Amino acid sequence: MDLPPFIGDWYKERSLGKGSYGNVYLWKNKKTGVNVAIKTFILSEEDEQAARQKERWGYEIDLLTNIIKNENIVSTIKVEPASFLTELSRVTRNKLPVLCLEYCEGGDLRRALDSSENTCCGLREIEVRSILKALRNAISYLHTLKITHRDLKPENIVLKHEGDRIVYKLTDLGVAKELDRNSLNASFVGTMEYLAPELLHGGKYSNSVDYWSFGIIAFEIICGIRPFLPHCPIARWMVYAQKKNSEHICITEDNQGNYTYHKNVMEENRTNKTLLKYLEKWLSIALDWNPKQRGYTFEAPIKNDSNVKTVQFAEKPAQALKIFSLLDEALEKPLLTVFSLYNYQFYTFEITESTSMNNFLTNVSNETEIPVQDLELVLPLEQQIDRIDEQTRPIDLYNKTLIDKPMLYILKSGTIYNQVVPPQIPKTIQDVFRDAKIKLKPHILRQFARNCVFFVQNEQKLYTNLMKAIKTYALYLNDRIIKNKQLMIQMLRNSFTLKGAMSQFNECLEHTKEKIVKISPNALSQSYMDQCTKVESNINALCEASERISRRYDSALRRSQEVLNSEILKSDIEDVYNCKVLNVQFNLIRTQIAERKPIDDKSHINMLNSVYGCLKKRDKILLGTNLTELSQKLVHVKTEMNEIMKAAEMAESTKNSLKRALSKLSDEHQNTIWSLVRDPGEYLPNFEGILPPVNFKIGDVVKNLRETHGNSVLCFGEGTDTKSLLSDCQTLILTNEDLLNDAKKFIKEINTM
Numbered sequence: 001m002d003l004p005p006f007i008g009d010w011y012k013e014r015s016l017g018k019g020s021y022g023n024v025y026l027w028k029n030k031k032t033g034v035n036v037a038i039k040t041f042i043l044s045e046e047d048e049q050a051a052r053q054k055e056r057w058g059y060e061i062d063l064l065t066n067i068i069k070n071e072n073i074v075s076t077i078k079v080e081p082a083s084f085l086t087e088l089s090r091v092t093r094n095k096l097p098v099l100c101l102e103y104c105e106g107g108d109l110r111r112a113l114d115s116s117e118n119t120c121c122g123l124r125e126i127e128v129r130s131i132l133k134a135l136r137n138a139i140s141y142l143h144t145l146k147i148t149h150r151d152l153k154p155e156n157i158v159l160k161h162e163g164d165r166i167v168y169k170l171t172d173l174g175v176a177k178e179l180d181r182n183s184l185n186a187s188f189v190g191t192m193e194y195l196a197p198e199l200l201h202g203g204k205y206s207n208s209v210d211y212w213s214f215g216i217i218a219f220e221i222i223c224g225i226r227p228f229l230p231h232c233p234i235a236r237w238m239v240y241a242q243k244k245n246s247e248h249i250c251i252t253e254d255n256q257g258n259y260t261y262h263k264n265v266m267e268e269n270r271t272n273k274t275l276l277k278y279l280e281k282w283l284s285i286a287l288d289w290n291p292k293q294r295g296y297t298f299e300a301p302i303k304n305d306s307n308v309k310t311v312q313f314a315e316k317p318a319q320a321l322k323i324f325s326l327l328d329e330a331l332e333k334p335l336l337t338v339f340s341l342y343n344y345q346f347y348t349f350e351i352t353e354s355t356s357m358n359n360f361l362t363n364v365s366n367e368t369e370i371p372v373q374d375l376e377l378v379l380p381l382e383q384q385i386d387r388i389d390e391q392t393r394p395i396d397l398y399n400k401t402l403i404d405k406p407m408l409y410i411l412k413s414g415t416i417y418n419q420v421v422p423p424q425i426p427k428t429i430q431d432v433f434r435d436a437k438i439k440l441k442p443h444i445l446r447q448f449a450r451n452c453v454f455f456v457q458n459e460q461k462l463y464t465n466l467m468k469a470i471k472t473y474a475l476y477l478n479d480r481i482i483k484n485k486q487l488m489i490q491m492l493r494n495s496f497t498l499k500g501a502m503s504q505f506n507e508c509l510e511h512t513k514e515k516i517v518k519i520s521p522n523a524l525s526q527s528y529m530d531q532c533t534k535v536e537s538n539i540n541a542l543c544e545a546s547e548r549i550s551r552r553y554d555s556a557l558r559r560s561q562e563v564l565n566s567e568i569l570k571s572d573i574e575d576v577y578n579c580k581v582l583n584v585q586f587n588l589i590r591t592q593i594a595e596r597k598p599i600d601d602k603s604h605i606n607m608l609n610s611v612y613g614c615l616k617k618r619d620k621i622l623l624g625t626n627l628t629e630l631s632q633k634l635v636h637v638k639t640e641m642n643e644i645m646k647a648a649e650m651a652e653s654t655k656n657s658l659k660r661a662l663s664k665l666s667d668e669h670q671n672t673i674w675s676l677v678r679d680p681g682e683y684l685p686n687f688e689g690i691l692p693p694v695n696f697k698i699g700d701v702v703k704n705l706r707e708t709h710g711n712s713v714l715c716f717g718e719g720t721d722t723k724s725l726l727s728d729c730q731t732l733i734l735t736n737e738d739l740l741n742d743a744k745k746f747i748k749e750i751n752t753m
């Protein structure tokens, strides 16, 4: 009997999958909203086989419930009330217990692979990495429990949303399945190419059958297609696959029926080439036809200590299980993704903690053919660091969250991008361009359609990253200009402060001319005055230059903001090459091939026209005046800002020189004034002979000075009032102190400029 539509608060929402050995349904609790996947098991109609299957089903339930605990394997969950599962088991056809599993709402990997974007060029690299890590974790865990899955395929890998990430989980362990000839025909229809050859032959098997399936899935998520003649029947592809060498990981058939064995994955994929180099080595051992060698590498025996004399015999290399360790090494390598605007291309560089910036830049220069001295580095807005300085290492630029995005932009000094970079057109498209009337076999037509979608999507990706990089560079320049605003203000302030100090010094010189030169004609020499005039002239020139620099700065800032507000940087860049239209055309061809419908000889023309339209628009964009003028403006702003900064540095240096020159002139002037005070000489009256000598004897009466002399000499006509004389002296002392304090303050202001 079928399962009831509801039990208590639980109701059956829909079927999640059906197979020869069981069905899976989605059940939902109407009160709590909890979702669970309920799996039932279907027994064989043969009593002897049914008994074994019943025993193995119980074993699978026990494994998943009590033993297996792994993030990347679908787990069982407890539900309330317990009577819900009891009632479900009671109403099943065979009265067997049911499995209550966590519901993975993301569907299975097959659904992801079937999207037009992914089937044409594989999954995004970040997804490829996540799936490989998840499968590696799940398979190695099962093998430690001495469990071989035997039925690894995209349909048995489900997606679970956990926060902002997707966790890939292995399901349908297949412990209850009997792998005889009949069960293979029933259970694995449509998925034979994921099965290891020894399973297809019905022979003995080991854990290495999972390595083969793992390798097939890995190739498919990278390229979007299985590696060995996926368009051929099982018997036919096996004939050619068993002839391959161990390093061959792919077999293709061309339009003339020629077969080619490949050591590399297909070029039309979205995984970086550096990682692919390591994954191709790993795939060669995962897809080894020989089950005894699959997953292993041969290593030379470890040599004995050279100090010990031994007799050397010819030794065979030892086998070492590398299926997991090689994959770990590939996925753990820090690979720095770079987008070069000049080359209009992505590059990836392997780095370590010890990689120096000089070595990294040398490698970048070798790959991009941009001289090291012309390399400009710009950080994407998503980067975790905000600037690159002398202490920055390449490893600091590595960001795991940017696996599918640039971690660094590279520009060539004096240019923004290269207008004449030729497009990388896949060979199948080139062949059709040469002969548009060519009749394509179904699998070649599908390949042509896949390559068309890949090419246009890749051009869209390049253009999107180009525009993001240009905008980021424009923001970087604008930010750099804004940050120098205070420098410009300080430059003007310093220049005019120095001019003010010069004005105060000129007032001192005028005072000296009026008061001192009359009694000391040599106090201000002509050469000294010439120096003062020269310094003043240079200070005035500095102020004028500072004003010009400030005006140029304001102009550069205005032009920089105009670039940021330009229409081309605000325009939509998401689908400039009509990828959506191309996807519709691809799905139409794919459906016709899958349903074996008659295919028009000109069915590929529409896609060819879409590619041609993409090429025309590519030239229009890259060679067009909008992008060209925008790039020229950015180059001019950057060049202008570099010149402004050089001029500002020169102004600062000139200001410091003039400040020292003015301070020196001030010191010389002060020394001249103080020399007059210390050695008055001929500039003061001669008192000799004016006052009579005083003959003083001990015990004599003290005599008063003559008033006439006191009036004429000592008090200078102010009488003989002693109090008045003392008051005048006090006033002179205070006045001198004020003058000295003013002089010290003035000198201090000059020295702090």
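At position 707 of the sequence shown (counting the first as 1) the number is 707 in the UniProt record's numbering, and the numbers step up by one without a gap. All residues carry an ideal CB built from backbone N, CA and C; glycine is no exception. Model, not experiment: these values are computed from the prediction.
Taking only three categories from DSSP, how would you classify residue i?
| i | result |
| --- | --- |
| Y409 | strand |
| Y104 | In the sequence under discussion, the amino acid at residue 104 is Cys, which differs from the Tyr named in the question. Correct three-state label for C104: coil. |
| E707 | In this predicted model, E707 has a pLDDT of only 47, less than 50, meaning its place in the structure is not dependable enough to derive any value. |
| F6 | strand |
| L336 | strand |
| N290 | coil |
| E350 | strand |
| K597 | coil |
| L229 | coil |
| L170 | strand |
| T76 | strand |
| Q384 | coil |
| R393 | coil |
| R124 | coil |
| R165 | strand |
| Q424 | coil |
| L99 | strand |
| Q490 | helix |
| Q242 | coil |
Where do the N-terminal and C-terminal ends of the beta strand (DSSP E) with residue i fall, by residue?
| i | result |
| --- | --- |
| S15 | W10 to K18 |
| G22 | G22 to N29 |
| N35 | N35 to F41 |
| H161 | I157 to E162 |
| V378 | L375 to V378 |
| A320 | A318 to L321 |
Report all residues from its chain with a CB closer than 8 Å to the CB of residue i; omit the five preceding and five following residues, and keep chain order.
| i | result |
| --- | --- |
| I438 | N255, D431 and V432 |
| Q419 | L622, L623 and T628 |
| L326 | Y278, K281, W282, I285 and T297 |
| H231 | E253, P442, H443 and R446 |
| L361 | V372 and L375 |
| I251 | P227, F228, L229, W237, Y240, A241, K244, Y259, T260, Y261 and H262 |
| P406 | T337, V338, F339, F346, P380, N465 and A469 |
| V535 | M502, L658, A661, L662 and L665 |
| F382 | Position check: residue 382 holds Glu in this sequence, whereas Phe was assumed. N399, T401, L402 and K405, listed in sequence order. |
Beta-carbon within less than 7 Å of residue i's beta-carbon, same chain only, minus the 5 sequence neighbours each way: which residues are those?
| i | result |
| --- | --- |
| L276 | V265 |
| E367 | Y347 |
| C543 | S495, F496 and K499 |
| C532 | L509 and L665 |
Which same chain residues, not among the five before or five after residue i, have their C-beta less than 6 Å away from its C-beta?
| i | result |
| --- | --- |
| Q460 | Y577 and C579 |
| S610 | L582 |
State the start and end residues of the unbroken alpha helix (DSSP H) segment that holds residue i.
| i | result |
| --- | --- |
| T297 | Here T297 belongs to no alpha helix (DSSP H); instead the beta strand (DSSP E) covers Y296 to E299. |
| Q526 | Q526 to L564 |
| E87 | S83 to V91 |
| N207 | Here N207 belongs to no alpha helix (DSSP H), and DSSP marks it neither H nor E. |
| I416 | I416 -> no alpha helix (DSSP H), and no H or E assigned at all. |
I'd like to know if the stretch 76-87 and the stretch 15-24 are in contact, where contact means that at least 3 CB-CB pairs between them fall below 8 Å.
At 8 Å Cβ cutoff, the stretches do not touch.
Which ranges would you report for the beta strand (DSSP E) in the stretch 249-283 if only whole runs of at least 3 residues count?
Positions of the beta strand (DSSP E) runs, each at least 3 residues long and wholly inside the stretch 249-283, are given as 250-253 and 259-262 in order along the chain.
If contact is defined by three or more beta carbon pairs under 8 Å, each pair taking one atom from either stretch, is the stretch 463-472 in contact with the stretch 588-606?
Two segments are said to touch when three or more pairs of C-beta atoms, one from each, lie closer than 8 Å; by this definition the stretch 588-606 does not touch the stretch 463-472.
Any contact of the stretch 192-206 with the stretch 159-174, i.e. 3+ C-beta pairs under 8 Å?
Output reads no: the stretch 159-174 does not touch the stretch 192-206.
Below 8 Å, how does it come out for the stretch 55-65 and the stretch 148-155: are there three or more Cβ pairs, yes or no?
Contact fails between the stretch 55-65 and the stretch 148-155, because fewer than three Cβ pairs, one in each stretch, are under 8 Å apart.
Could you tell me whether the stretch 22-38 touches the stretch 96-107, using the rule of 3 or more Cβ pairs below 8 Å?
Enough Cβ pairs lie closer than 8 Å, so yes.
Can you give, in chain order, each stretch of the alpha helix (DSSP H) that sits fully within the stretch 439-498 and has at least 4 residues?
The DSSP assignment places 442-483 as complete runs of the alpha helix (DSSP H) inside the stretch 439-498, in order along the chain (cut-off: 4 residues).
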